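Student:
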Amino acid sequence: MEKDYKDTLNLPKTEFPMKANLVQKELEILDFWKTHNTYQKMQEKDKSNAYILHDGPPYANGHIHIGHALNKILKDIIIKYKSMKGFYSPYIPGWDCHGLPIEHEVDKKLGSKKGEVSILAKRTLCKEYALKFLDIQREEFKRLGVFGDWQEPYLTMSFQYEASIVREFGKFVEKGYVYKGKKPVHWCPSCVTALAEAEVEYADKESPSIYVKFKVKNTSKFKNTPLTSPLDKGGLRGVSEIYFVIWTTTPWTLPANMALSLHPRFMYRLVKTPDGELILAQDLIKNCMEKIGYKEGDYIITESVWTGSELEGIVCRHPWIDRNVETIVGEHVTLEQGTGVVHTAPGHGEEDYEMGLKYGIDIYAPVDDKGCFTEDVKDFAGQNVFKANQEIIEKLKNINALLGSAEKITHSYPHCWRCKKPVIFRATEQWFISMEKNNLRQNALDEIKKTRWIPAWGLDRIKGMVENRPDWCISRQRAWGVPITLFQCKKCKQIITDKAVIDNVVKEVEKAGADVWFEKSVKELLPEGYKCSKCNSSEFSKETDILDVWFDSGVSHAAVLEADKRLSWPADLYLEGSDQHRGWFQSSLLASAGTRGKAPYRAVLTHGFVVDGQGKKMSKSIGNVISPQEVTNKHGSEILRLWCASADYREDMRISKEILDRLVEAYRKIRNTCRFLLGNTYGFEVKSFETSASSVEPLKVKGDLLEIDRLALSMLQHLIEKVNRAYENFEFHEVFHSIYNFCVTNMSAFYLDVLKDRLYTFKAGSKERQAAQWVLYNILLALTKMMAPVLSFTAEEIWSFIPKNKEESIFLTSFPEVQPEFIDKELEKKWENLSSIRDEVNKALEIKRQQKFIGNSLEAKVILYVDEENYKILEGYRTFLPTLFIVSAAEVVKDPNHPEDSYKSPLISGMAVLIDKAQGNKCSRCWNWGITVGKYKDFPGLCARCHEVLTS
RNA sequence: GGGCCUAUAGCUCAGUUGGUUAGAGCGCACCCCUGAUAAGGGUGAGGUGAUUGGUUCGACUCCAAUUAGGCCCA
Numbered sequence: 037m038e039k040d041y042k043d044t045l046n047l048p049k050t051e052f053p054m055k056a057n058l059v060q061k062e063l064e065i066l067d068f069w070k071t072h073n074t075y076q077k078m079q080e081k082d083k084s085n086a087y088i089l090h091d092g093p094p095y096a097n098g099h100i101h102i103g104h105a106l107n108k109i110l111k112d113i114i115i116k117y118k119s120m121k122g123f124y125s126p127y128i129p130g131w132d133c134h135g136l137p138i139e140h141e142v143d144k145k146l147g148s149k150k151g152e153v154s155i156l157a158k159r160t161l162c163k164e165y166a167l168k169f170l171d172i173q174r175e176e177f178k179r180l181g182v183f184g185d186w187q188e189p190y191l192t193m194s195f196q197y198e199a200s201i202v203r204e205f206g207k208f209v210e211k212g213y214v215y216k217g218k219k220p221v222h223w224c225p226s227c228v229t230a231l232a233e234a235e236v237e238y239a240d241k242e243s244p245s246i247y248v249k250f251k252v253k254n255t256s257k258f259k260n261t262p263l264t265s266p267l268d269k270g271g272l273r274g275v276s277e278i279y280f281v282i283w284t285t286t287p288w289t290l291p292a293n294m295a296l297s298l299h300p301r302f303m304y305r306l307v308k309t310p311d312g313e314l315i316l317a318q319d320l321i322k323n324c325m326e327k328i329g330y331k332e333g334d335y336i337i338t339e340s341v342w343t344g345s346e347l348e349g350i351v352c353r354h355p356w357i358d359r360n361v362e363t364i365v366g367e368h369v370t371l372e373q374g375t376g377v378v379h380t381a382p383g384h385g386e387e388d389y390e391m392g393l394k395y396g397i398d399i400y401a402p403v404d405d406k407g408c409f410t411e412d413v414k415d416f417a418g419q420n421v422f423k424a425n426q427e428i429i430e431k432l433k434n435i436n437a438l439l440g441s442a443e444k445i446t447h448s449y450p451h452c453w454r455c456k457k458p459v460i461f462r463a464t465e466q467w468f469i470s471m472e473k474n475n476l477r478q479n480a481l482d483e484i485k486k487t488r489w490i491p492a493w494g495l496d497r498i499k500g501m502v503e504n505r506p507d508w509c510i511s512r513q514r515a516w517g518v519p520i521t522l523f524q525c526k527k528c529k530q531i532i533t534d535k536a537v538i539d540n541v542v543k544e545v546e547k548a549g550a551d552v553w554f555e556k557s558v559k560e561l562l563p564e565g566y567k568c569s570k571c572n573s574s575e576f577s578k579e580t581d582i583l584d585v586w587f588d589s590g591v592s593h594a595a596v597l598e599a600d601k602r603l604s605w606p607a608d609l610y611l612e613g614s615d616q617h618r619g620w621f622q623s624s625l626l627a628s629a630g631t632r633g634k635a636p637y638r639a640v641l642t643h644g645f646v647v648d649g650q651g652k653k654m655s656k657s658i659g660n661v662i663s664p665q666e667v668t669n670k671h672g673s674e675i676l677r678l679w680c681a682s683a684d685y686r687e688d689m690r691i692s693k694e695i696l697d698r699l700v701e702a703y704r705k706i707r708n709t710c711r712f713l714l715g716n717t718y719g720f721e722v723k724s725f726e727t728s729a730s731s732v733e734p735l736k737v738k739g740d741l742l743e744i745d746r747l748a749l750s751m752l753q754h755l756i757e758k759v760n761r762a763y764e765n766f767e768f769h770e771v772f773h774s775i776y777n778f779c780v781t782n783m784s785a786f787y788l789d790v791l792k793d794r795l796y797t798f799k800a801g802s803k804e805r806q807a808a809q810w811v812l813y814n815i816l817l818a819l820t821k822m823m824a825p826v827l828s829f830t831a832e833e834i835w836s837f838i839p840k841n842k843e844e845s846i847f848l849t850s851f852p853e854v855q856p857e858f859i860d861k862e863l864e865k866k867w868e869n870l871s872s873i874r875d876e877v878n879k880a881l882e883i884k885r886q887q888k889f890i891g892n893s894l895e896a897k898v899i900l901y902v903d904e905e906n907y908k909i910l911e912g913y914r915t916f917l918p919t920l921f922i923v924s925a926a927e928v929v930k931d932p933n934h935p936e937d938s939y940k941s942p943l944i945s946g947m948a949v950l951i952d953k954a955q956g957n958k959c960s961r962c963w964n965w966g967i968t969v970g971k972y973k974d975f976p977g978l979c980a981r982c983h984e985v986l987t988s
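Just so you know, we're using our numbering here: the first sequence kicks off at 37 and counts up by one.
(1) Pick out whichever of 105, 121, 136 and 282 has its Cα sitting closest to the Cα of residue 29.
(2) Taking 8 Å as the cut-off, decide whether the C-beta atoms of residue 58 and residue 674 are in contact.
(3) State whether the stretch 597-617 contacts the stretch 568-587, with contact taken as three or more CB pairs (one from each stretch) at a distance under 8 Å.
(4) May I ask you to verify whether the stretch 177-194 touches the stretch 110-123, counting CB pairs closer than 8 Å and requiring at least 3?
(5) Determine the contact status of residue 1035 and residue 768, defining contact as a CB-CB distance below 8 Å.
(6) Do residue 893 and residue 923 have their CB atoms nearer than 8 Å?
(7) Are the beta-carbon atoms belonging to residue 45 and residue 813 less than 8 Å from one another?
(8) For the beta strand (DSSP E) that contains residue 577, what are its first and last residues?
(9) Could you tell me if residue 360 is buried or exposed, where buried requires 16 or more neighbouring beta carbons within 10 angstroms of its beta carbon?
(10) What do you get for residue 51, buried or exposed, if any count of 16 or more other CB atoms within 10 angstroms of its CB means buried?
(11) Is the stretch 392-406 touching the stretch 285-293, taking contact as three or more C-beta pairs under 8 Å?
(12) Mind checking whether residue 846 and residue 819 have CB atoms under 8 Å apart?
(13) Which of the three DSSP states, helix, strand or coil, is assigned to residue 101?
(14) Starting from the Cα of residue 642, find the closest Cα among 671, 689 and 652 and give me that residue.
(15) Could you please give the first and the last residue of the uninterrupted alpha helix (DSSP H) stretch that includes residue 808?
(16) Going by Cα to Cα distance, which pick from 587, 490 and 205 is closest to residue 686?
(17) Using the Cα positions of residue 919 and residue 790, report the straight-line distance between them to the nearest angstrom.
(18) Given residue 203, which residues of its chain have a CB within under 6 Å of its CB, disregarding the five upstream and five downstream residues?
(19) Looking at the secondary structure, which residues open and close the alpha helix (DSSP H) in which residue 931 lies?
(20) So what does residue 647 bridge to, in DSSP terms?
(21) Do the stretch 616-635 and the stretch 582-595 touch if we need at least three Cβ pairs shorter than 8 Å?
(22) Write down the C-beta distance between residue 939 and residue 879 rounded to the nearest angstrom, noting that I regard them as a contact closer than 8 Å.
(23) What are the uninterrupted segments assigned as beta strand (DSSP E) that are 3 or more residues long and contained completely in the stretch 272-322, given in chain order?
(24) Cβ of residue 465 within 8 Å of Cβ of residue 481?
(25) Judging by CA-CA distance, which residue of 228, 929 and 115 is the nearest neighbour of residue 454?
(26) Beta-carbon separation of residue 678 and residue 718 under 8 Å?
(27) Starting from the C-beta of residue 413, find all residues in its chain whose C-beta is less than 7 Å away, skip the five residues before and the five after it, and write them out in chain order.
(28) With a threshold of 16 other CB atoms inside 10 Å of the CB of residue 616, please say whether the residue is buried or exposed.
(29) Looking only at its chain, what residues have a beta carbon closer than 7 Å to the beta carbon of residue 972, apart from the 5 residues adjacent to it on each side?
(30) Between the C-alpha atoms of residue 976 and residue 701, what's the straight-line distance to the nearest angstrom?
(31) Would residue 870 and residue 901 be called neighbours here (beta carbons separated by less than 8 Å)?
(32) Just list the residues that DSSP pairs residue 245 with in beta bridges.
(33) My guess is that residue 635 and residue 499 are in contact by the Cβ rule of under 8 Å, so how many angstroms apart are they, rounded?
(34) Output the residue ranges of the beta strand (DSSP E) runs that lie fully inside the stretch 69-126 and measure 3 residues or longer, sorted by chain position.
(35) Can you find the residues in the same chain that come closer than 8 Å, C-beta to C-beta, to residue 644, ignoring five residues on each side of it along the sequence?
(36) So what does DSSP say about residue 922, is it helix, strand or coil?
This is the structure in C-alpha cells:
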C-alpha cells in the first residue's frame, strides 16, 4: 500500500464553517455588536467631517414589509460605507406616530364605546398603539443588521418634536402663509363628519342621469360666425336661443353650479334641435342625441365648429337661479361620457374645485353638515340633497331646461366606510399654506434645481408636482395629531398671529406635549390678560382641527436635524421610495423653504418598489407577498441584504423564490472563497507580514512575489477602484457584481486554482508559499472590508477568524483604497494573452477528457505548436506553463504545422494544442506526473520536487 | 385619463459619444476531480435586444406610437 503523504501537505485549515447557518449565527453577531457597542464606537470620530443621512420616519403601524427592509438596508449600507471611509456618519432612526390609520385602529378597538371616550383618552390610546408598533418595528429593523441609535430614535409624538411642529407652524403663521379657505372634502351627512380618502369605500349606487341646457346669454359672438350649413338654408340668424348642454348624475349639485368646463382642444359643434341650438362636443353628438331621445332627422348638425379654447369665456345663465355662468377650459374634460361640456360646481367636486381656484370662482357649497340645502337655496332649503334630486329634475322640466327625460344609471359611488351610506363632496372651511406667499413655490423650485437628485429624473418629477400643486391644505378634522394652535377672537373673528402667543403655546407643549391644547382652557393657554389687538375683547376660541401629518414629518429637518446634537442641518442625503416625491421630499422642502429659504437636503436618492418575480405589485389577494421576516427566518437577513445590493434599486426590484435561491448560491460562493483564503493564510505570521507590507521592506516582499501574484494584486486594485466608485455613486449592484465576479472568475477559477499546488506542496515556510499567503491575506482583508456594508454579518464573522491584533470589529477598520504601486498595466496586458492561451488549452483538455483519454488534467502533457508571435509570448513562461495550465508538463514548439490530433485554436491564429499523456508516474504526494517518480529509494512514490521538500 | 419611470439570455446585471458575429456571472446540460468536499475545476447550449413604425449610410443605443408593468395623481 502506497504511503499516504497527506500529512506532509499544507492543506487549508480553518475553523470558519463552510455552512453559514445564518439564521442562528446572525443572532450571535447581533449580540456581539450590542455588547461591544460597535455602532457607538463607530461614532467616535471628528464630527466636522460628517456625512448626515436623515431618516424618513416610517409609520408606526403594523409589522415592517419588504419595502421598509429595502429602505433601511440601503440606508445602512451607505452609513456603514461612509463610516468606514472615515466620516462621522450617525444614523438616528425616526417614526411617524400621528395620523388616521392609528386612530382608526383605536376606534375599531373601542367599537361602540367610541363616542363615550374623551379626546384625551383616545389620544392616550393612540400613543400606546404607536409605541407598541414602534417597538416591534425597531426589533425587526435591528434584526436586519441595521446599525443606528436605536435607543434614542426620534418620534413625531415626543414632546420635544411636537413643540417643534407647533414652533414651525408658528413661523408659517407669522410669515403670513396660513389662511383659511374652502375646500371640498368627502362628507358623510349621516355621521356628520368629514372623511379622509381612506375612509371612503366605493360601491354601486343608482343615480339619476340627466341632460341640462344652459342658455347662452349673449349670442352676438355667434352672429358673426358663419353658422349656416348649405343644407340648412334657414340659418341661425333668426335664432336667438343657443344652449350649452351638460350631463350630470348629481342634480343636487346644480344649485352650486358656477361654470361650464370645456376641453381646450376638443371640437364643439352646434346642433339644431326642436329644443333650440345646442352646443356640445362633436364626437358625442350622435350618442347624446340618442340618449336625449331625438331620432335621426329630428336634428341637424351644422357646419359650425369651434375648439373649446375658442369658446372660452361665453356667459350663460343658470337654468333657474339669477346667476351668470361662464365657460372655462380644463384638461379634465373627457369624451367618455356626457356631452364634453362639464357642469362645474367648485364646492362639490375635486376637479371642479381646482378649476374654481384657477379661475377665481367662489367655492360655493350651499349644503349644511347634515346634507341639507341651506337657506341660500330658496326652492329647496332644508331638503336633503339626495331627496331633492327628483324635485330639481321636476323644476328643470318645468322651466324647459331638461333635455329628454331623466333616466337611472348605476355607477360606482363613494360611500361612508362606517355607516355604508352614500357620501357627498362638500366644501368646508380648511386651513391652507399659500404656495404663492413670499414666493414659496418659486423658492422651492429654485431649491429643487440646487439639489442633487438620484436618479436624475427625480428632479423632473418633483418639479412638475411643485409647479402644479395647489395650496397646501394642512387641516384635518381628527383627534390623533398635533393641533392647529390658533386662537380666534370670538367677537371680531380675528385670528391671532402674535409671536408671543405662539411662543407661549410652544413652551406649554414642550412641557406637556400637544395634549395640553386639549387639556387646558383658552385662558390658560393665552398669556395672562391677553386682549384682541383689534377689538380689545378677551374672549377667544381655539381651533379644534389638527395638522396634516405631512406637516409633522415635513418639519423633521427642524425637529431633528437642527435640534438633535448628534446631527446637523442640512442633511447630506434623504433616501426614500419614489412615492415620496409627493410625500416627504416635498413636505420637507416646503416646510424648510418656507421658513429658512432653503432645502433641508443636499441630495435626494429614491428607490423603486418591490414587486414579485413577474414585475407585478405584491398583494395579499394575489398571494405573491414575500415578507422580510420570511426571508430572515428561512435564509437569514444576510440574504435579504444581499438582495438589496444585487439589484438596481433605481427601477422596481423583483423578488421571488428563484431570485433568492440564486442569491443563496452566490452567497455560498463568496463565503467559500473567503473560507479558502482563511484556510490558506493559516500559520501565516501576520506581524512580520504587516511589517514587510508597510514601507519598511516593501521591495523585499515585492521581489518575492511571482508574476501571477503581482497580477492578482493588480486585479485586486481594479476591484478596489471599481467598488469604491460604485459605493460613491450608490450603485450597490455594481459592488455586488464586481465582488462576486472577482471571487468566481479571478479567484476561484484562476488564481486560487493555480495556487493550490504552491500552497499545498511547497515547504510551509518557503518564500514562494509565504509570498502567496501574503497576497491571499491582502485579498482577504480587502474583500472582507469591501463586503462589510452589505454582507455585514458575514464580514464580521470572517473578521473574527482573521488573525488578530487589530480592531475589534470590521466596522472600526477603514475602507480599502487603491494602492497604485500594485497596479501593473503592462503585466496585465501580457497576461491577457496567457489567459486566452489558457482558455484554449482548457478546450483542448476538455475534448480529451470527453474522449476519456484523460481524467484529471494532471494526467496530461500539453504541447503548444505556435508561430513566431505566440512563441514570443510564451518563451519566458516555459517552466511556469504546467502550473498555469494545471498539467504535469508543457512544451512549446515553434512550428506552425500542427500535428493531426491537435486542437487548432479558432481564436488564436497560429496556435494548436496537442494533448498527450504525461510521462512517468504519478507522484503520491503532489499528484503531478513525472519521470523522476520512483527514482528515490527512501521515498519511491515521490517526484524530485516532493523528495526535496521532505528531505531537506 | 394625466405626470414621471422601466422593458437586453430562465435569473441578476454590463454594454463606452449610434459603427463589425450583443457580453459577464449564476442557473441548465455534459464531463472531470474527491487534498476548498453539503466544496472545487472544465466545456457547451441559451438573446427577432417587449412590439411596430420613423430618423440615419448604419439603431440595443435617437424619436414616435403600441403593449406590459411600477410610482404618484385623477
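All C-beta atoms, glycine included, are put in the ideal place defined by N, C-alpha and C. Just so it is clear, the structure is predicted and the values come from calculations on it, not from any experiment.
Tutor: For this structure:
(1) Nothing can be reported for residue 29: it is not among the residues displayed for the chain, which extend from 37 to 988.
(2) yes
(3) no
(4) yes
(5) Outside the shown range of the chain, which is 37 to 988, sits residue 1035, and nothing can be said about it.
(6) yes
(7) no
(8) 576-578
(9) exposed
(10) exposed
(11) yes
(12) no
(13) coil
(14) 689
(15) 803-823
(16) 490
(17) 6 Å
(18) 542
(19) Segment: none, residue 931 is in no alpha helix (DSSP H) and carries neither H nor E.
(20) 653 and 690
(21) yes
(22) 6 Å
(23) 278-284, 295-298, 303-309 and 312-317
(24) no
(25) 228
(26) no
(27) 291 and 402
(28) buried
(29) 978 and 983
(30) 43 Å
(31) no
(32) 443
(33) 13 Å between Cβ atoms; not a contact.
(34) none
(35) 613, 614, 685, 686, 687, 688 and 689
(36) coil
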